[in-house]
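K.L.:
Going by this note's numbering, the first residue of the sequence shown is number -12, and it counts up by one from there.
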Amino acid sequence: MKYYSNQRGTVIRTLLASLAILAVTFTVLSASDLFHGEIIKREFPEGIPATPETLRAMTVRTQGNADFPSAPGLPAKEMQAELDEIAAFANTYGYNAIFFEAVPECDAFYQSEILPSSSFWTGKQGGFTFFDPLRYLTNISKTYNIQVYAVVDAFGVAAEGRASASPVDSDLIANGLLDPDAQKVQSLLPAVVKELTGRYDVAGVVFAGVDSKALDSPSYAESLSKILSDSHDSIRQKGAQRLGIVVNSNLLSNERDFVSAPVQAGDLDFVVTSMVSDADTADGVKLLQTELSGWEQLCENASIPYYPLHIASDETIFTHSIDNSFYFERQFGAGGSVISNYGSLHTERRMAAYSLASSFRQQPSESMPDLSYSRTFQVTRPAESITLSDTAYTTWKNYFITGTSNPDLPVLYNGKEVDRPNENGLWGVLVDVEVGTNNYTFSQNGTERTVQIIRKEPAQAPDTISTITKSSVYPANPEAVLAGRGLKLSCTAPAGGKVTARVGGLTAELEPVSSAEDGVAVTYQQTLDLSSLAVAGQVKRIGPVTYSLSYNGMNSSQQSAGEVYVAGAGAEPVARINSSFVPISSNGKDDGEYTTVLKGGCVDTIVENNGGGYYRLSSGGYALKSTVEILEGKETAVSEVSSILLRQVEKGEQLVITGTKRPAFTGEMEDGIVRVTLYNLSGFEQMDTSVLNSTLCSSIKSSIAEDGSTVTLTFQLNPGCELTGWNVQFDGENTVIYLKQKPRLQRNTGTPLAGVTILLDPGHGGTDPGAASVPYNAGPWENILNYADSCALQSRLEALGATVHLTQRNETMTLNERMAMAEQVDADMFISSHHNSLSEQVDSNKVEGIEVYYYNGQSQVFAENIGANLASVTGRKLRFVNWSWYRVTMLTSCPAVLVESGYICSPAEFDRIASDFGMFQYANGVADAVLQYFQ
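What follows is the structure, encoded as structure tokens:
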């Protein structure tokens, strides 16, 4: 009895201890959420998502907790949240497949009956958990129609801490890896594939880690082939599930090619090629093309796809190595791509994520023009014999002759081979040009082409004329004669003639300003007093001037293109701007020193007319006479202000000043301040800007100058508020000052430029072809190349989410019309695409490089980034980024730049520019600068 009593006590104590352990375990598990990991039941789609036509896969690494989970032993709810984020991220950034590392070190990230749980999952290998990461990821990914592939590190094994339940014994390990020659390993891997494909809705299994140098046994290829064959046979759902392998892209050129045999045997459904070569250099492009060609041929013969694998990072994404590789992968039949890895994409900046998302989405422009050019032998420039007879050309001592040719055969000049620094047969030779007749003969494969250039002697005697030169007749534009001043009369006529001028019934005889032999062109001038025609307090239109010439028994006449206006006592002539954008010079010269750019309809008083080509205005600058019209009668430039209003608009704020005229203005933006000065205002002293409720500015202040009519408005921006620019616009006679807030990148989307409007301006177009290229009429001119650049850039920017407009599609368009369109579409950025060229008397073989121009300070950094990016992406020289005064860069409403992306007179540079890949690189480089600006 005592024996049974003791035994019963032992049993009771054992039961109590077990209950205590269960209680503690329950408490711990409850605290760790492991019991509650799947407490929220969800319905998921059935089956496996179909394999997409183009695979875009993202890898999720579990080894070392590189991507998931963020730490070992996380509660189930936290792991669920991380997997939710992974699936949502993949969907947001354009991925349709996830390569999830399910077996990192011969242990599992799923509920396996073969392998122990991974230490990176549970904290120690073989740790217990109810949660199944692989099942949850496959299910949640189905809601986005995203496939999940289970990645198995085929021969990886934990160096220490292996669970007692691990199927791995030390005798199965060689060189730190599972021994592929071991029969147990050869049985283990197919069993894992069977388990994964039988119990989970994975789209397939991918073997990684198969090309380690440690796997160097003589029978490795044979052992691997057996493993792949048995694994392929183990797949449960043929067709819906696939077997793949990850290998280095240069494997086919390696003696250790262990993949061709299983591909040809039908034991692989796809191959993932980890890219070794890149397309950063010409040699790299050739090597990449060789590798891709090999994979295309192997996999096409086996009717399976191959997917290049790339490692992404924010630090290297804008070198565009991956994008360049994508470009060639499409040409060589790749079925998609695999990007490693989630952790490198899921960063705070998200640069690699959104750049690649746009690359997935980007399609070649359907509007891309034909960039082809002849590969047959011909001399393109000069296209026929020419004579250098004009004064400007008779001094030419050289000529750059260009042509096209068969690139596989040499071109000879004077028996010597012509250097062709490109692969498409373009060539150019600088020849000496003597006075007289010069013949130059070029040949290829027995075909000769001779060019004749005749250079005339420079003229020794001055040219003679017999009539008034029409272009010399003054005034050519509206001429305002200020009160008390005389009218300048001037024209060019033959010496020895008699020249008179008649206007408003008054006549004057002109005198030559210099002596010359009869018939030689000289200038005749005179000043005519118009006071008898003036009306006090008014500006009166007198009409054009008629010049008459009596010479050598013949009479002739010319009428001025411009009409004359005379101001009476007390009257000040008012000039009205006659086109949409007019730069106002600070010094009466066309040297880029401008005070402002006035808009059509702006009025200002003329305070000085020195008889040249400019009027000085009361606002301080000089307007070209050709850009204004003179108002008749008792007109004034004063705008009567009756109210002010601040309104919020989609992209910023607008201060509306109700007035009766469009005043002249100046402005600037710097250091968080926008300052706009309006001239000739009346009544503004009644306006109170302090009551304006601005969301962009901490204050809006006004000051009135001593003259009582000059008003300066100072907008102090809030801290952190950035503008793309400012602008003065007009709504009828009301003045609108527009502050445009800078958009921000939408980092957490695949379209970071959503909400950004960009206007692209292909330079020239229509009746203006721009500069000739090396192929001349046998290939594209500058206008076509400019348009091609803009089409390529449009494709890239739209893929990034921007709204993109083009000013024209090879149509004739003025500079002012292009600038006006920027305001019409409310552009946040303006980019004008151009290409450079040189005179034919220069050796264009020696010129190359990119140039970028800007005018306003807000455009400088953007221009500098474009220059640096283009040089980096294309590998071509950056000549400079310069301030200049190209008209289209004078916009104040947004950054505006003009890009000269290379010299199309250079055979070498033209060859690189005039190609689809060249346009692709241009688009990437400029688009990167756009992203840099808005981030």
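Glycine is no exception: its CB is placed at the ideal position from the N, C-alpha and C atoms.
Could you have a look at GLU616 and say whether DSSP puts it in helix, strand or coil?
P.N.:
Strand.
K.L.:
Could you check if ASP203 is buried or exposed, using at least 16 other CB atoms within 10 Å of its CB as the buried criterion?
P.N.:
Classification for ASP203: exposed.
K.L.:
Excluding five sequence neighbours on each side, which residues of the same chain lie with their C-beta closer than 7 Å to the C-beta of VAL569?
P.N.:
Hits under 7 Å: VAL584, LEU585, ALA610, THR614.
K.L.:
Pick helix, strand or coil for ALA63, following the three-state DSSP scheme.
P.N.:
Helix, per DSSP.
K.L.:
How many angstroms separate the CA atom of GLU827 from the CA atom of VAL416?
P.N.:
Between GLU827 and VAL416, the C-alpha separation is close to 10 Å.
K.L.:
Determine the direct distance from the alpha carbon of PHE907 to that of TYR136, and round the result to whole angstroms.
P.N.:
TYR136 and PHE907: Cα-Cα distance of roughly 32 Å.
K.L.:
For the candidate residues LEU710, GLY323, SER212, whose alpha-carbon lies nearest to that of ILE660?
P.N.:
The shortest C-alpha separation from ILE660 is found at LEU710.
K.L.:
Can you give me the start and stop residues for the beta strand (DSSP E) that GLU302 sits inside?
P.N.:
That residue, GLU302, is in no beta strand (DSSP E); it is neither H nor E in DSSP.
K.L.:
Helix, strand or coil for CYS708? Go by DSSP, reduced to three states.
P.N.:
It is coil, neither helix nor strand.
K.L.:
Near LEU21, which residues of its chain fall below 8 Å by C-beta distance, leaving aside the five closest residues on each side in sequence?
P.N.:
Low confidence applies to LEU21: its pLDDT is 45, below 50, so where it sits in the model is not reliable, and the reading given next is rough at best. PRO62, ALA63, THR116, PHE117, PHE118, listed in sequence order.
K.L.:
In chain order, which alpha helix (DSSP H) runs of at least 4 residues are fully inside the region 768 to 851?
P.N.:
Runs of the alpha helix (DSSP H) inside the region 768 to 851: 769 to 786, 802 to 811.
K.L.:
My output table needs one value for MET906: the three-state DSSP class, helix, strand or coil.
P.N.:
The answer is helix: DSSP assigns MET906 an H, G or I state.
K.L.:
Given a cut-off of 8 Å on the beta-carbon distance, is the pair GLY575 and GLY549 in contact?
P.N.:
Not closer than 8 Å, so no.
K.L.:
To the nearest angstrom, how far is it from the Cα of MET656 to the Cα of GLY712?
P.N.:
When rounded, the distance between both Cα atoms is 8 Å.
K.L.:
Just to confirm the assignment, what range does the beta strand (DSSP E) spanning ASN721 have?
P.N.:
721 to 728 is the span of the beta strand (DSSP E), which, as asked, contains ASN721.
K.L.:
Our contact map puts PRO295 next to SER324 with C-beta atoms below 8 Å; I'd like the distance itself, whole angstroms only.
P.N.:
Yes, they are in contact, since the Cβ atoms of PRO295 and SER324 sit about 5 Å apart, within 8 Å.
K.L.:
Please classify GLU270: does DSSP put it in a helix, a strand, or coil?
P.N.:
It is Asp, not Glu, that sits at residue 270 in the sequence shown. Residue state, collapsed to three classes: helix.
K.L.:
Could you check whether SER629 and ASN667 sit closer than 8 Å to each other, using their CB atoms as the reference points?
P.N.:
For ASN667 and SER629, no; Cβs fall outside 8 Å.
K.L.:
Per DSSP, PHE107 is paired with what?
P.N.:
Note: PHE107 sits in no beta bridge, so no partner.
K.L.:
How big is the Cα-Cα spacing for CYS778 and GLU410?
P.N.:
Whole-angstrom Cα-Cα distance: 25 Å.
K.L.:
Quick check on TYR220: does DSSP put it in helix, strand or coil?
P.N.:
Going by the sequence as given, residue 220 is Asp instead of Tyr. Here ASP220 sits in helix by DSSP.
K.L.:
With a CB to CB cut of under 6 Å and the five nearest residues on each side skipped, what residues in its chain are close to ARG407?
P.N.:
Result list for ARG407: TRP414, in chain order.
K.L.:
Classify GLU316: buried if its beta carbon has 16 or more other beta carbons within 10 angstroms, exposed otherwise.
P.N.:
Result: buried.
K.L.:
Look at MET800 and ILE745 and say whether their C-beta atoms are less than 8 Å apart.
P.N.:
Cβ distance not < 8 Å, so MET800 and ILE745 don't count as in contact.
K.L.:
Consult DSSP for MET674 and reduce its assignment to one of helix, strand or coil.
P.N.:
In this structure, MET674 counts as coil in the three-state DSSP scheme.
K.L.:
Taking only three categories from DSSP, how would you classify PHE347?
P.N.:
Helix.
K.L.:
Relative to the C-alpha of GLY620, which residue among ARG662, GLY524, ALA562, SER685 is closest?
P.N.:
Of the listed residues, the one whose Cα sits closest to GLY620 is GLY524.
K.L.:
Given a cut-off of 8 Å on the beta-carbon distance, is the pair ILE298 and MET45 in contact?
P.N.:
No.
K.L.:
Work out the CA separation of CYS589 and SER626 for me, nearest whole Å.
P.N.:
Those two C-alpha atoms are separated by around 10 Å.
K.L.:
Are the CB atoms of ILE222 and VAL258 within a distance shorter than 8 Å?
P.N.:
No. Outside cutoff.
K.L.:
If we ignore side chains and look at the alpha-carbon of each, how far apart do PHE849 and GLN728 end up?
P.N.:
Distance between the alpha carbons of PHE849 and GLN728: 16 Å.
K.L.:
What separation, rounded to the nearest whole angstrom, lies between the Cα atoms of ILE631 and THR701?
P.N.:
Distance between the alpha carbons of ILE631 and THR701 is about 15 Å.
K.L.:
By Cβ distance below 8 Å, which residues in the same chain neighbour GLY938 in space, the five residues on each side in sequence not counted?
P.N.:
The structure shown does not extend to residue 938, since the chain spans only -12 to 922, so no value can be given for it.
K.L.:
Measure the C-alpha to C-alpha separation of VAL138 and PHE87 and round it to an integer number of angstroms.
P.N.:
In a straight line, the C-alpha of VAL138 is about 6 Å away from that of PHE87.
K.L.:
Tell me the rounded alpha-carbon separation between TYR386 and PRO767.
P.N.:
So the alpha carbons of these two residues sit roughly 21 Å apart.
K.L.:
For GLU371, which of helix, strand or coil comes out of DSSP?
P.N.:
GLU371: coil per DSSP, three-state reduction.
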